[in-house]
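Written below as structure tokens is the structure these notes are about.
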Amino acid sequence: MTVERLIQSRDEFWAAGFTGDLAELIPLLQYYQETHGYISPEGVEAIAGFLGISEARVYTVASFYAQFRFQKPGKNHVFVCLGTACHVQGGVDLANEIHEHLHIRNGETTPDGQFDFKEVACLGCCAQAAVVEVNGKIYAKMNREKLRKVLKEHQHA
Amino acid sequence: MSISLSINGQQLAAEAGQTVLLAARANGIYIPTLCDYPGLPPHGSCRLCIVQVKGRSITPTACTTLVEEGMVVETDTPLVKELRVEVLRMLLAEHPGTCLFCPEHDHCQECMVTLRKTSVTTGCRTCPADMQCQLQDVVDSIGLESVAYPVRYRALPVEREDPFFDRDYNLCVLCSRCIRVCESLHFNNILAYVKRGSETRVGTSFGKSHIEVGCSFCGACVDACPTGALWDKTSRWDGKPDHTVSSTCPFCSLGCEVSLQIKTNGVDRIISCYPAQVEKPLCVKGRFGVPELLDHPGRLKTPIRISQGEVTHPGWEETLHLASEKVAACCPGEAALVVSANCTNEELFLADKLSRSLTGGGTILDAAARYGDGIEAVQRLLHTSQSPNILEDADLILCLGMDLQYYQANLEVFLKQAMERGATVITLNEKEHVPGRYASLWLQPGSGEVETMLGRLAGGLGKRDVADAIHALKASKNPVFLVGDDYLVRMAGAVEKLVTTYQASVVAIPAEGNLYGALRVATALTQPATNPKVLYLLGTTVPKDIHPGTFIIYQNSHMPAVQIQNGVLLPMAAFGETCGSVFDQAGKLRNLTAAVQPSGEGLPGWEIICRLARLLAINGFDYVSVNEVTRDLVSAAPSWQMTGRVPGWLAAPGGHDYLGKPLADMVAGLKQLNLQVQEGK
Ligand code: SF4
Ligand code: SF4
Ligand code: SF4
Ligand code: FES
Ligand code: FES
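As structure tokens, this is what we get:
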């Protein structure tokens, strides 16, 4: 990252009220994710430059927490529940369907930017297991075929 | 204060504040460890060093437990043994274990029964650290004979794209020695734990390459790694070295102490270069440059005679005879002797002596062409230059034309420490460099305006940044100027003026390994020989503009870069193959040690000069050992004076050369780093 870019992001962080104190590392990561959608390599560089620490020290913290994502979100957000109830009803199968059908793993985004995918532990509607959530909408009693259909609908939408 | 305690029934004395581990070690009691490393604070993560302490219900780790008066420690009780075995078993649940438990392991070396065609490290035949691995030692000492849990192979791709060392984190035991070494010995923080839980591993931000994240390739992490996870590309599968020799790095004027590890196996020889103390890392040139340099295919191995472009190999006797005849046929002034600032003191001293009796003038120093008119200022700066250790007491450090990204990166520690204790670090450099981004102040003149800025600083008049710098310089009680090779070459005069103005101490660091020695030992820089008939090139490159009829005596460790039409090539021992000495940038005499035989029929440089001089019947070359030469040169009065001018035909060497050839031409990884510097910045 060029010095100019670093100065630019420094000014942006200042404007958002950050001071450059090391204790701001996690809030800075959260801020960056909110404003940019995800933590990019450039984001890590910018934060590292701002706090005067190495990229590795930023990344070690960021990669520790499940709340941060490192890939640009897709157009459609797919969550597959692997909580106890859904697990029993074949949640893993649904996750595998995503792996095999969309060729992405937990936390990844398809190269065409259509879907991102995350495994979650209980969406709070265990009675409907196995559950998948797409763009905030819950799909109940899912199996592989139904999921494939749902994905197709969103892809064309 | 001395404390008495007992370990395994043995009554011992220890220092207050010492850990149980160190007290045990000091008394020859072995406790297995993995995460402990000299120079690093205790970490307590591997849990292998657990012991029992009377009166405590838990088994504390010896590396984090301080000794106490009357403490009763047991390191080998059945409970400790059982727990340790369990710890180790769990550790091995994530580590390929063939090299540890294969019943064929000992024969493997000879028969290679498990040789496989994959490049994935899964067992003893492919782990680069086999026979040198501390995990193997620990397993041996604990006596574990099999794995207990299913092994989970991480199946991570081996990272091979960066120069000098590979990273196979499938072999990593997560001891974090590499992370901590980079952080605390180098203040660099290139590596960190990433992710968490069973996914935890060591890596860079986003798995970027080390080049991308600014690693200096000092190799400290490789030295610290107890397993084969981090390993030199040039010394994979070498096994235990036969012996270790201490010497001095020849690649720059800092003259870092090094430890050469040697293994000889018939004609095969393996040389690796490590820091003499793990707490003091080398820079990339010293740590990784030696093996490739010494085993380069361009090594000159036999004496060669060339006449009208035709090459013959007549052997030492005849080749030297021919050379002496050509020299003897010259009138004074028709022969010239050019030396390199990478030569040892002994070679320089004898060359000077020979030159004086042949031509009446001293040797020509090739670096004179590089420094041009500034050479006198360089000489004066070097004369007052002190060791980098004085940076520890500076309240202001002014870096002039330094870039510590790769070469001499070990000096960065001084700057970071200085900043930590509140000293000011100002750096003046027109280009992107280290420490530009973290210095207290980066003065960045436009290109071509460096000298003007130096003048402004000296004149005490300037605006903005320059005014701030002047203010800081005036307020400083103990300013130290760190002068890099770049400005020594381009503007030594202006630097000198600035030094005088602020009465600063100087740490000048020319790139040449022995510039100080060349200026001190060889008394003259140039001589008038305008169109030499015979040109004796001692460790220097062949000048381009030389008359094709000139007879060239080319004495070097490597083949010349350009074709010679008439002359002889004399194979000379390189670094590590001959004894001698150099002066470092602070004028301290440092010894070079012969660790292996010269390549091919090569001879030590001093011996070749003596033999030639004796053939010419010149007196005073009856030395039988290099020590006699050292003694003579040390007692000879240094003159530090120059006469004559730089001959027009003299080719300027590069700074980071070894005996007239760019080091990066011989060490592939350095070329990769050079490119990085050029395009990345
Ligand atoms: S080579 Fe040196 S700078 Fe690079 S990661 Fe290892 S210890 Fe850090
Ligand atoms: S790479 Fe080596 S030094 Fe670093 S944590 Fe792994 S085993 Fe330890
Ligand atoms: S700083 Fe100089 S002397 Fe030290 S290892 Fe590097 S090249 Fe060798
Ligand atoms: S377990 Fe899937 S919704 Fe609760
Ligand atoms: S050496 Fe004590 S825990 Fe690793």
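In the order they appear, the protein sequences are chains U and D.
FYI, this note's numbering numbers position 85 of the first sequence as 85, with every residue one higher than the one before it.
So this note's numbering is basically just the index in the second sequence, starting at one, shifted up by 1000.
Every residue, glycine too, gets a C-beta built ideally from N, C-alpha and C.
Small disclaimer: the values here were computed from a predicted structure and weren't measured.
DSSP on Trp-1237/D, reduced to helix/strand/coil? If you number the second sequence from 1, residue 1237/D lands on position 237. In the three-state reduction of the DSSP assignment, Trp-1237/D falls in the coil class, being assigned neither a helical nor a strand state.
Environment of Thr-1075/D [buried if 16+ CB atoms lie within 10 Å]: Locating residue 1075/D in the second sequence gives position 75, where the first residue counts as 1. Thr-1075/D counts as buried, since no fewer than 16 other beta carbons sit within 10 angstroms of its beta carbon.
Test: Thr-1312/D CB closer than 8 Å to a CB of chain U: Start at 1 with the first residue of the second sequence, and residue 1312/D comes out as number 312. No, no contact with chain U.
For chain U, find out if any of its Cβ atoms is closer than 8 Å to the Cβ of Tyr-1406/D; answer yes or no. What you label residue 1406/D is simply residue 406 of the second sequence in a count that begins at 1. Taking Cβ atoms only, chain U never reaches closer than 8 Å to Tyr-1406/D, which makes this a no.
I need the boundaries of the alpha helix (DSSP H) containing Val-1568/D, first residue and last residue. One-based indexing of the second sequence puts residue 1568/D at position 568. Per DSSP, Val-1568/D belongs to no alpha helix (DSSP H); it is in the beta strand (DSSP E), 1567-1571.
Looking at the structure shown, is Val-1213/D part of a helix, part of a strand, or coil, going by DSSP? Start at 1 with the first residue of the second sequence, and residue 1213/D comes out as number 213. Of the three classes helix, strand and coil, the one that applies to Val-1213/D here is coil, per DSSP.
Closest to Ser-54/U by CA distance: which of Ala-1155/D, Asp-1622/D, Tyr-1193/D is it? Stepping through the first sequence from its first residue, residue 54/U is reached at position 54. Selected option, being the one with the closest Cα: Tyr-1193/D.
When the Cβ atoms of the stretch 1243-1259 of chain D are set against those of the stretch 1358-1371 of chain D, are three or more pairs found closer than 8 Å? At 8 Å Cβ cutoff, the stretches do not touch.
By C-beta, the residues closer than 6 Å to any heavy atom of ligand 3, given in chain order: A residue is listed when its beta-carbon falls short of 6 Å from at least one non-hydrogen atom of ligand 3; in chain order these are Cys-1249/D, Phe-1251/D, Cys-1252/D, Leu-1254/D, Gly-1255/D, Cys-1256/D, Leu-1282/D, Cys-1283/D, Lys-1285/D, Gly-1286/D, Gln-1408/D, Asn-1410/D.
If I measure Cβ to Cβ from Arg-1520/D and keep anything under 7 Å in the same chain, skipping five residues before and after, which residues do I get? The residue labelled residue 1520/D in the question sits at position 520 within the second sequence. Once the five neighbours on either side are set aside, the close Cβ partners of Arg-1520/D are Phe-1583, Pro-1638, Trp-1640.
Given a threshold of 16 other Cβ atoms within 10 Å of its Cβ, counted over all protein chains shown, does Leu-1663/D qualify as buried or as exposed? Taking the second sequence and counting its residues from 1, one reaches residue 1663/D at position 663. When all chains shown are included, Leu-1663/D counts as buried.
Could you tell me whether the stretch 1324-1337 of chain D touches the stretch 1594-1601 of chain D, using the rule of 3 or more Cβ pairs below 8 Å? Contact between the stretch 1324-1337 of chain D and the stretch 1594-1601 of chain D is absent, because fewer than three Cβ pairs lie under 8 Å.
Taking only the alpha-carbon atoms, compute the straight-line gap between Gly-1682/D and Lys-1280/D and give it to the nearest angstrom. Outside the shown range of chain D, which is 1001 to 1681, sits residue 1682/D, and nothing can be said about it.
Is it buried or exposed for Ile-1058/D, if we count other Cβ within 10 angstroms and need 16 for buried? By one-based count along the second sequence, residue 1058/D stands at place 58. By the 10 Å Cβ count, Ile-1058/D comes out exposed.
Against Pro-41/U, what residues of chain D qualify as contacts under a CB-to-CB distance less than 8 Å, listed in chain order? Taking the first residue of the first sequence as position 1, residue 41/U is located at position 41. Ser-1205, Phe-1206, Lys-1208, listed in chain order.
Who's in the neighbourhood of ligand 2, going by beta-carbon under 6 Å from any heavy atom, listed in chain order? Those residues, listed in chain order, are Cys-1172/D, Val-1173/D, Leu-1174/D, Cys-1175/D, Ser-1176/D, Arg-1177/D, Cys-1178/D, Val-1202/D, Ala-1224/D, Cys-1225/D, Pro-1226/D, Thr-1227/D, Ala-1229/D, Leu-1230/D.
Label Ser-1002/D either buried or exposed according to how many other C-beta atoms from any shown protein chain fall within 10 Å of its C-beta, with 16 as the threshold for buried. To locate residue 1002/D, count along the second sequence from 1; it is residue 2. The C-beta of Ser-1002/D has fewer than 16 other C-beta atoms within 10 Å across all chains shown, which makes the residue exposed.
Assess contact between the stretch 1618-1638 of chain D and the stretch 1599-1609 of chain D, defined as three or more Cβ pairs (one per stretch) separated by less than 8 Å. Is contact present? Taking a cut-off of 8 Å for Cβ pairs, the stretch 1618-1638 of chain D and the stretch 1599-1609 of chain D touch, as three or more such pairs fall below it.
Going by alpha carbons, who is nearest to Leu-1260/D out of Gly-1289/D, Gly-1669/D, Leu-1254/D, Cys-1252/D? Indexing the second sequence from 1 puts residue 1260/D at position 260. Checking every option, the nearest Cα to that of Leu-1260/D belongs to Gly-1289/D.
Measuring straight from C-alpha to C-alpha, what distance separates Ala-1062/D and Lys-1195/D? Locating residue 1062/D in the second sequence gives position 62, where the first residue counts as 1. Locating residue 1195/D in the second sequence gives position 195, where the first residue counts as 1. Near 29 Å, if we compare the C-alpha coordinates of Lys-1195/D and Ala-1062/D.
Exposure label - His-1210/D; buried when at least 16 CB within 10 Å: By 1-based counting over the second sequence, the position of residue 1210/D is 210. Buried, since its Cβ has 16 or more Cβ neighbours within 10 Å.
Is any beta-carbon of chain U found at less than 8 Å from that of Cys-1124/D? Counting from 1 along the second sequence, the entry for residue 1124/D is found at position 124. Only weak support is given to the placement of Cys-1124/D: the predicted model assigns it a pLDDT of 49, under 50, and the value that follows is read from those uncertain coordinates. Answer no: the Cβ-Cβ gap between Cys-1124/D and chain U never drops below 8 Å.
Cross-chain neighbours of Val-1194/D in chain U, by beta carbon under 7 Å: Residue mapping note: residue 1194/D aligns to position 194 of the second sequence, counting from 1. Contact note: Val-1194/D reaches chain U through Tyr-59, Thr-60, Ser-63, using a C-beta cutoff of 7 Å and chain order.
Please list the partners that Leu-1191/D has in chain U, where partner means a Cβ-to-Cβ separation under 7 Å. Position 191 of the second sequence holds residue 1191/D. Ala-56, listed in chain order.
So for Pro-1275/D, helix, strand or coil by DSSP? Counting from one through the second sequence, the residue named residue 1275/D turns up at place 275. If DSSP states are grouped into helix, strand and coil, Pro-1275/D belongs with the strands.
Residue interval of the beta strand (DSSP E) (run including Arg-1437/D): Here residue 1437/D corresponds to residue number 437 of the second sequence, with the count starting at 1. DSSP places Arg-1437/D in no beta strand (DSSP E); its state is neither H nor E.
Relative to ligand 5, is the shortest distance from any of its heavy atoms to the C-beta of His-1043/D smaller than 7 Å? In the second sequence, residue 1043/D corresponds to position 43, counting from 1. Answer for His-1043/D: yes, Cβ within range of ligand 5.
Rounded to whole angstroms, what is the Cα-Cα separation between Arg-1177/D and Cys-1221/D? On the second sequence, position 177 is the one that residue 1177/D refers to. On the second sequence, position 221 is the one that residue 1221/D refers to. Straight-line Cα distance between these residues: approximately 7 Å.
Could you tell me whether the Cβ of Gly-37/U comes closer than 8 Å to any Cβ of chain D? Taking the first sequence and counting its residues from 1, one reaches residue 37/U at position 37. It does not: the Cβ of Gly-37/U has no partner Cβ on chain D nearer than 8 Å.
Is there a C-beta anywhere in chain U that falls below 8 Å from the one on Tyr-1153/D? By one-based count along the second sequence, residue 1153/D stands at place 153. The beta-carbon of Tyr-1153/D is placed no less than 8 Å from the nearest beta-carbon of chain U.
Counting only C-beta atoms, is Tyr-1000/D closer than 8 Å to chain U at any point? Past the edges of chain D, shown from 1001 to 1681, lies residue 1000/D, and the structure says nothing about it.
Within the present structure, is the beta-carbon of Phe-1414/D separated from the nearest heavy atom of ligand 1 by less than 7 Å? Along the second sequence, one-based indexing puts residue 1414/D at 414. No, Cβ of Phe-1414/D sits at least 7 Å from all heavy atoms of ligand 1.
Exposed or buried, what is Ile-39/U when buried is set at 16 or more other beta-carbons lying within 10 Å of its beta-carbon? Position 39 of the first sequence, counted from the first residue, corresponds to residue 39/U. Buried.
If you measure beta-carbon to beta-carbon, which residues of the stretch 1213-1230 of chain D are closer than 9 Å to chain U? Under the 9 Å Cβ criterion, the stretch 1213-1230 of chain D contributes Val-1213, Gly-1214.
Ala-129/U versus Val-78/U: straight-line alpha-carbon distance, rounded: Residue 129/U sits at position 129 when you count from the first residue of the first sequence. Residue 78/U sits at position 78 when you count from the first residue of the first sequence. Cα to Cα, the separation comes out at about 16 Å.
Whether Cys-1102/D touches Gly-1228/D by CB criterion (8 Å): Indexing the second sequence from 1 puts residue 1102/D at position 102. Indexing the second sequence from 1 puts residue 1228/D at position 228. Against a cut-off of 8 Å, the Cβ pair of Gly-1228/D and Cys-1102/D comes out as no contact.
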